[in-house]
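Protein chains in written order, with the working numbering: chain G, 64 to 176; chain L, 19 to 132. Ideal Cβ positions, reconstructed from N, Cα and C, are used throughout, including at glycine.
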């Protein structure tokens, strides 16, 4: 059974470029979550999605960040016009339902030059 | 509002000694509580979860945690530390009808001294 798959594992972008992070949930999981982890900090919730719907985006910055989970294909976290402060590890998690344990991918480490 | 506090960002124990990692939560409704472990350059792995059944929860790798409502605590313990236990540990709470948002503590880095 494949776990949560995130790619790429490492992503380097220059300031002003776009970053696209992909997440394929575990088989049978329809709930996807994105988190950001800064050095020496815990995980900060960004967004919660179900297929084709954004359920809770209270943790998403108002500008430059967007997320989607299309009917077919992986969930995408998109960061436009990246800045140095966007450098972090971004983790995706999936679960089969509410209040169920979330299963995490290995993350995408985004570095902004 | 929900929140999680992990006391002690760094804990060091000798190999074979008791491991105690503290977690206190704040929740206006009965919570779901979780402990996760993170090894370097990896995602989080679920250690154990509390979902209003037994207050003493046993997890993987010999870890267990006890839910104490009166103390709003969910401390993680292991009787005897092993070198392979060295990692970052996160406590998390999930609440509410939707239970979609997990609130994570800032983590405790466990060092095991040989």
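How would you call residue i, buried or exposed, if buried means at least 16 neighbouring beta carbons within 10 angstroms?
{"i": "residue 132/L", "result": "exposed"}
{"i": "residue 34/L", "result": "exposed"}
{"i": "residue 32/L", "result": "exposed"}
{"i": "residue 133/G", "result": "exposed"}
{"i": "residue 146/G", "result": "exposed"}
{"i": "residue 113/G", "result": "exposed"}
{"i": "residue 179/G", "result": "Residue 179/G is absent from the model: chain G starts at 64 and stops at 176."}
{"i": "residue 165/G", "result": "buried"}
{"i": "residue 106/L", "result": "buried"}
{"i": "residue 125/G", "result": "exposed"}
{"i": "residue 141/G", "result": "exposed"}
{"i": "residue 28/L", "result": "exposed"}
{"i": "residue 88/G", "result": "buried"}
{"i": "residue 175/G", "result": "buried"}
{"i": "residue 74/L", "result": "exposed"}
{"i": "residue 129/L", "result": "exposed"}
{"i": "residue 106/G", "result": "buried"}
{"i": "residue 47/L", "result": "exposed"}
List the endpoints of the continuous beta strand (DSSP E) containing residue i.
{"i": "residue 156/G", "result": "151 to 158"}
{"i": "residue 119/G", "result": "116 to 119"}
{"i": "residue 67/G", "result": "Looking at the DSSP string, residue 67/G is not in any beta strand (DSSP E), and its letter there is neither H nor E."}
{"i": "residue 86/G", "result": "82 to 87"}
{"i": "residue 109/G", "result": "106 to 113"}
{"i": "residue 100/G", "result": "94 to 100"}
{"i": "residue 176/G", "result": "Taken as a continuous stretch (DSSP letters only), residue 176/G belongs to no beta strand (DSSP E), as it is neither H nor E."}
What are the residues that DSSP puts in a beta bridge with residue i?
{"i": "residue 31/L", "result": "130/L"}
{"i": "residue 131/G", "result": "139/G"}
{"i": "residue 42/L", "result": "23/L, 91/L"}
{"i": "residue 54/L", "result": "64/L, 108/L"}
{"i": "residue 36/L", "result": "DSSP lists no partner for residue 36/L."}
{"i": "residue 47/L", "result": "According to DSSP, which records beta bridges pairwise, residue 47/L is partnered with nothing at all."}
{"i": "residue 145/G", "result": "In DSSP, residue 145/G forms no bridge with anything."}
{"i": "residue 76/G", "result": "175/G"}
Taking a Cβ distance cut-off of 7 Å, strictly less, list which residues of the region 39 to 58 of chain L are near chain C, in chain order.
Annotation note: the requested chain C is absent from the structure, which comprises protein chains G and L.
Would you call the region 113 to 122 of chain G in contact with the region 21 to 29 of chain L, where contact means no fewer than 3 C-beta pairs closer than 8 Å?
no
At which residue ranges does the region 61 to 131 of chain L contain complete beta strand (DSSP E) runs of 3 or more residues, listed in the order of the chain?
62 to 68, 74 to 76, 82 to 86, 91 to 96, 105 to 112, 120 to 122, 126 to 131
Are at least three pairs of beta-carbons, each pair with one atom in the region 90 to 106 of chain L and one in the region 141 to 158 of chain G, less than 8 Å apart?
no
Using 8 Å as the threshold, is the region 74 to 94 of chain L in touch with the region 38 to 47 of chain L, meaning 3 or more CB pairs across them?
yes
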